[in-house]
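Line by line, the protein sequences are chains G and A.
FYI, the numbering for the first sequence is 1 to 555, going by our numbering.
FYI, the numbering for the second sequence is 1 to 762, going by our numbering.
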Amino acid sequence: MKQWFKSGAPWIWLNGGAVALCMIMVVGLIGLIAVRGFSHFWPAEVLRTTVIDKQEQSQTVIGELVRSETIPAAVARDAGYSVPEGAELVTRHLIKQGNRDITGNDFMWYVATGMGEWDYPQDIMVLERRQWGNFYGFAQQIKAHGEVIAERDDAQFWQELEQRVARSVSLHEEIKAIENGAIGDVNHALEGLRLARKKLTINNADVATINRAEAEFAERRAELQTHYEVAKAERDALYQRLERDTLVMQVADGQTVLVPLHNIVRVSRPNALSVWGKLAEYSSRFWGFLVDDPREANTEGGIFPAIFGTVTLVLVMSIMVTPFGVLAAIYLHEYARQGPVLRLIRISVYNLAGVPSIVYGVFGLGFFVYFLGGSIDELFYPESMPTPTFGTPGLFWASLTLALLTLPVVIVSTEEGLSRIPKTIRQGSLALGATKSETLWKVVVPLATPAMMTGLILAVARAAGEVAPLMLVGVVKLAPSLPIDSHYPYLHLDQKIMHLGFYIYDVGFQSPNVEAARPLVYATAMTLVMLIIILNLAAIKIRNNLREKYRSASD
Amino acid sequence: MQKTPPVASEPESLMPQAQQRAKLRRTRKLKDRFSHWGVATAGIAVVGALGLIFFYLFSEVMPLLKGAKVTPVTQYSSTQVTEMTSPTVYQTLERYEQIGANYSESGQVQFFQVASGEPLLNVQLPAPADAEFSAMGYGTPTDALIAYGYSNGQVVVAQHVYNLSYPNDQRKITPELKYPLGAAPITLDQQGQSLTAVAIQKTARGYALVAATADNRLLLGSYTTQSNIMTGETSIRSQVYPLPALPNGATPRFAQVDAGASHVIVADNQAQLHVYDISNPQQISLTETIPTERGQTTALQFLVATGSVVMGTDSGSVSQWLLVRDSQNIYHLQHVREFESLPAAVTTIAPEYSRRGFLVGDSSGHLGIYYGTSSRTLLVKKVAKKGIAQLAISPINGRLIITDSGNHIQVVDVWNQHPEISFSSLWQKVWYEGRSQPEYIWQASSGGDTFEAKMSLIPLSVGTLKAAFFAMLFAMPLGVMGALYTAYFMTPKLRGVVKPSIEIMEALPTVILGFLAGLWLAPFLESHLPAIFSLLVFIPLIMLVVGFLWFLLPSSVRSFAPEGWEAAILVLPIILTGWLCVSLSPHIEVWFFDGSLRQWFTNHGITYDQRNALVVGIAMGFAVIPTIFSIAEDAVFNVPRHLTQGSLALGATRWQTVIGVVLPTASPGIFSAVMMGFGRAVGETMIVLMATGNSPLVNFNIFEGMRTLSANIAVELPETAVGSSHFRVLFLAALVLLTLTFIVNTCAEIIRQRLRKRYSNL
């Protein structure tokens, strides 16, 4: 043993252990996110059991088991649970029992002591609602206009229900289409008229012009008003039709509750589903998560606006960062006079990659938003003052800030690519009589393209995950509309956007119902991690291929 | 620019003609030039844009350092304002800086246009018949209360009000004089003695008046207003209480009463200050008498919110005194700040309306602008030929009326935007109002108008360092040891897996780490605290035990996994140990800590927050490990092979080679890796934002939270007013972060470049 110690082997093992620990942490972390994120969509079995509540009353509970844990009895007693004498440890289960509008709490801890048998009745139904979260219970009847259409024992009950839910969901979509389409267009046009009128006053137009314009505007306004009336009538009719159906449900304690069908997004009977049925349900929920709008203060529904916002943000950023990053790298590497000053500049630029991102956010808010944006508003948008157009955080400033933040990444990567190009290639080109710019643009830069791609991908990966500066320069928890729509100029650079990373922060930490939001946050985190891992793996792959390519070229 | 014709069109020669060639050369040269200049411009612009960050942040911070500035606007004689020659006793200026008011000794109140001196409204106070003006006092400027004392022991209280109306969308200010205690003079001294000093203050219940009489008595008048709910009429209940006389027959010269109606501060003619406790008017007591040590008091005035008084003396000294509560709940007057003295005796003190600033005039015509919290003397300047009699600052601190003893009025514009920030208020302990000792506090805003902003960067800096320290404590051993092993001992096959994994780890968005730390790790740690401590002991132990067992195995078994696979062998034992520790955790709590370690901590006086430095240390450590790992691994891996091989050939073991050769050679690289990691930990925002309680504490307790510079910016910047001192201090915080990380990173980068050079020389 002494000899073993003397050889230094224990240290090697400890060092090895450090690597093992790091790997366990990385894999464990990604695994944790993946398991929690993916399992959110799995239609979990709904259990039914009886519990003894804090008032020593027995009550029936139905819901999904979220997690169980073992706690010391003392802690449980402090929390007010009745724990039998002598027990040291207690197991407790967190059950998602939904029905927030009826019970007030959709998540409850129940201690295992005194809990009855768990069973999984086939006909428990889970309703995903537009308001108040999930509903768990047994369906009794379907009513239309107050008349019973189907009873729970009817053979066609389930088909009837599914059909009617599908109808109300599609009606909802039609209403949304009208509101975003026709009514949105009218509002947009009206706002345009208002601004045009104000602009005339600001520009000191003469009375005749103003009067002529006023008449024209009034005409347009009347026309828009009729459009609006038509659209509104159409929408109201749809709302009327939506009111038709109601579902009569029985909750755990036997109480009967009416659930209007227009409040239901999705119905399922998880206990009755086969594995394949569950898979189908899983994919449908997952798809919904990716393409739906958020509901209930972001704690339910999908994350489509956040995905869309992140992608738009990153695209606009890429458009700005690529040319400038590449040009700066070419300048530093090809044109600037090499010397101590340039070395200092280079180190400084590289170091900016290590500057805290929040500093960029502060700069972006102060310089871009308040200084540049404020000036732009004064010069080009005086008519919409005092409402700022560009003088407030928005997509463009967020993209610009991120572009600045990721510039060093692109510069470093491009320069590395340029310096990896063998001298011989360059000299060959020059020897054939090409000018410096011809050598550069026709020989060197094309060869360095993969390096630029790597830089861009790394920049995109970093930008997609960055949140701190965005909180200051244009990302909000809930944006009313997407930054791209059918109104001119189609891409609205001044609009505020939603962002996956900020969504995680906001829903995880600012949401009133953390327990309900938690699975959604895991799912969002998983989406973001996947996106970033894929981007990074792509960058690593490209870089490695590049190295191989030039290793052979320089030989 | 024309393209050259295709070569094929000239059959006799393949070369273009000389003329065309010359043209082509010119075009190419032009393109070359254009490309050169274009790239250079863009490149310099980009580098400049990055440099702009420094300059912009700096330019936003600069105004904090500036003192105050006064620029004369206009001047006129006060006889222009009031035809009477009676001297001015009080002056004010309203919020829009257009209308001033002049209170003269004779009881004339004249509102006038500040710009021209043109009179607007003339009101005569209802002075008592056959009595002479003897003293005057005024309350906190926002209340606009003025009390005139007369030689027959009576008092008249007036209040100036500016009514706003907007006829034709134009702002119109109408001045008005009100009598909150009734238009008739109030008798304060029943004995009818002349009042030598008067003080007034609006209190929560009504009004408090304090007066000194010619025969050295002190009186407190308490006036409670009650409005009748039915009729809407207000009635006033008054009560006069005597105060104990000053000791040693001293004569009171100045008196001040606070807004809580609990203290009266009196300055006498023997260079002493006295504090009376009047919270119970039936039992008024003199709680303290202290010498001023600065000569005779010539002016005494409460600052806004009446937590501290400013005293000026005949020697020109200006000092601030705080009412400080001791452990017996008794308030004492504590001298906390001394400001730059004026050359002559102080004549008047004008407190600002909403900040802890004040303006002081002296008898030689000097004006001093000071600020309490930051102990700044912002300006001392001679502004008048004669002594200054009155100063009136506007509520928004933008304009000042100066009246000298020759009744000459000067109107000056004041620039005094950021007096509350100084080196001492940011980085040193400050004695704030209502506190029992100087402290480091960050509390930049609050609901109240008269809130004293506490902007010490110390709690935030300490929080930043604390978070970075615990993160480094976790990340440094793992990162450096892991790098050493990966670069030197690990088989290339395994290395090919580990390196990309660590790179992925680096790319993980910190918001995800922060969210896991806050929502998963923090509750987990709270309920499994013992597991953390047992893991700390058992994980290294199990590594050694596995290593030793491996050593004991017959070599035939060992050859299954050659050297360099230690890490892979250890994965399973570590996971098992971890699982064991976690599942044993509740039992350990039951066995050793009465069922709950958290409760046990509380019982032993250790504060435990759920989101604490331990959580941040682990989460941020996780974010920092890859930074340290990649750079350190690079440094170790690039140690020239011939050095290590030489060492091994001389008979050193692998570990001896590491200690003797590899580490000394690569140590600058490892050091720079640690610095880079530190730089990242200092600036990290999302993790600390989500995994700490964000409470600005000054301690290094691992079980308590903190607030860091970066998190503070993220929390507060969106809600501050643009251009305010708070806004600029947050920019300063950003600048501090930028400079700090920039210096750390530059050092690390320079060390790394040197190392690279050294390797290439070896």
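Glycine residues also receive a C-beta, built at the ideal position from the N, C-alpha and C atoms.
Considering only heavy atoms of the ligand NAP, does any lie closer than 8 Å to the CB of residue i?
{"i": "Y148 of chain A", "result": "Ligands are entirely absent from the displayed structure, and the ligand NAP is therefore not among its contents."}
Apart from the five residues on each side of it in sequence, which residues of its chain come closer than 7 Å, Cβ to Cβ, to residue i?
{"i": "E438 of chain G", "result": "none"}
{"i": "A18 of chain G", "result": "none"}
{"i": "P121 of chain G", "result": "R48, N271"}
{"i": "M675 of chain A", "result": "V744, C747, A748"}
{"i": "A403 of chain G", "result": "M317, M320, V321"}
{"i": "G595 of chain A", "result": "E589"}
{"i": "S268 of chain G", "result": "P43, V126, E281"}
Mind checking if residue i is an interface residue toward chain A, Cβ cutoff 9 Å exclusive?
{"i": "A54 of chain G", "result": "Reading the sequence as shown, one finds Lys at residue 54 of chain G and not Ala. K54 of chain G does not count as touching chain A."}
{"i": "W287 of chain G", "result": "no"}
{"i": "Y335 of chain G", "result": "yes"}
{"i": "R100 of chain G", "result": "no"}
{"i": "S437 of chain G", "result": "yes"}
{"i": "E300 of chain G", "result": "no"}
{"i": "A74 of chain G", "result": "yes"}
{"i": "R462 of chain G", "result": "yes"}
{"i": "S284 of chain G", "result": "no"}
For residue i, which option in the options has the closest C-alpha, if you only look at C-alpha atoms?
{"i": "T766 of chain A", "options": "A:Y148, A:Y331, A:R253, A:L218", "result": "Chain A is shown only over 1 to 762; residue 766 of chain A falls outside these bounds and no answer can be derived."}
{"i": "M481 of chain A", "options": "A:T187, A:N694, A:E716, A:A567", "result": "A:A567"}
{"i": "E433 of chain A", "options": "A:S501, A:S405, A:Y331", "result": "A:Y331"}
{"i": "V546 of chain A", "options": "G:L478, G:L458, G:P10", "result": "G:P10"}
{"i": "N180 of chain G", "options": "G:M498, G:Q495, G:V169, G:S481", "result": "G:S481"}
{"i": "E506 of chain A", "options": "A:S695, A:L457, A:S630", "result": "A:S630"}
{"i": "Q822 of chain A", "options": "A:A681, A:P395, A:G365, A:P244", "result": "This structure cannot settle anything about residue 822 of chain A, because the visible part of chain A is limited to 1 through 762."}
Might you give, ordered along the chain, the residues of its own chain that have their beta carbon closer than 8 Å to the beta carbon of residue i, omitting 5 neighbours on each side?
{"i": "L405 of chain G", "result": "S357, Y360, R462, A463, E466, P469"}
{"i": "A87 of chain G", "result": "A73, T113"}
Does any residue of chain G have a CB that is nearer than 9 Å to the CB of residue i?
{"i": "F742 of chain A", "result": "yes"}
{"i": "G463 of chain A", "result": "no"}
{"i": "H263 of chain A", "result": "no"}
{"i": "P247 of chain A", "result": "no"}
{"i": "R680 of chain A", "result": "yes"}
{"i": "I670 of chain A", "result": "no"}
{"i": "W520 of chain A", "result": "yes"}
Return the chain-ordered list of same chain residues with a C-beta closer than 6 Å to the C-beta of residue i, the five sequence neighbours on each side being excluded.
{"i": "G373 of chain G", "result": "F390, G391"}
{"i": "A392 of chain A", "result": "Q91, T92, L93, I401"}
{"i": "K496 of chain G", "result": "G394, G474, V476, A479"}
{"i": "E123 of chain A", "result": "In the sequence on display, residue 123 of chain A carries Val and not Glu. Excluding sequence neighbours, V123 of chain A sits near V109, L177."}
{"i": "H408 of chain A", "result": "S77"}
Of all the residues that make up the stretch 530–546 of chain G, which are near chain A by a beta-carbon distance shorter than 7 Å?
Using a CB distance below 7 Å, the part of the stretch 530–546 of chain G facing chain A consists of I532, I533, N536, I540, ordered along the chain.
Just by C-beta distance, which residues in the stretch 367–387 of chain G are closer than 7 Å to chain A?
F367, Y370
Could you please tell me which residues of the stretch 549–580 of chain A, in chain order, have their CB closer than 7 Å to any CB of chain G?
F551, E566, A567, L570, V571, I574, I575
Three Cβ pairs or more, each shorter than 8 Å: is that satisfied between the stretch 254–266 of chain A and the stretch 295–305 of chain A?
yes
Touch check for the stretch 485–504 of chain G and the stretch 505–519 of chain A: three-plus C-beta pairs under 8 Å?
Result yes; three or more Cβ-Cβ pairs closer than 8 Å.
Assess, as a yes-or-no matter, whether the stretch 585–602 of chain A is touched by the stretch 43–57 of chain G under the definition of 3 or more beta carbon pairs within less than 8 Å.
no
With 9 Å as the C-beta to C-beta threshold (strictly closer), list the residues of the stretch 643–656 of chain A near chain D in chain order.
Structure shown: chain D not included; protein chains present are G and A.
Tell me whether the stretch 709–720 of chain A and the stretch 639–657 of chain A touch, counting them as touching only if at least three CB pairs, one residue from each stretch, are closer than 8 Å.
no
The stretch 64–72 of chain A touching the stretch 366–386 of chain A, judged by at least three CB pairs closer than 8 Å:
yes
What are the residues in the stretch 580–608 of chain A lying within 8 Å of chain G by C-beta distance?
P586, H587, E589, V590, D594, G595, S596, Q599
Under 8 Å, with one C-beta from each stretch per pair, do the stretch 656–665 of chain A and the stretch 677–697 of chain A reach the 3-pair mark?
no
Given 8 Å, three or more beta-carbon pairs between the stretch 600–619 of chain A and the stretch 685–701 of chain A:
yes
I want to know whether the stretch 186–205 of chain A touches the stretch 226–233 of chain A - three or more CB-CB distances under 8 Å.
no
State whether the stretch 444–464 of chain G contacts the stretch 526–537 of chain G, with contact taken as three or more CB pairs (one from each stretch) at a distance under 8 Å.
yes
Interface positions of the stretch 504–519 of chain G facing chain A (Cβ-Cβ less than 8 Å), listed along the chain:
I504, Y505, G508, F509, V514, R518
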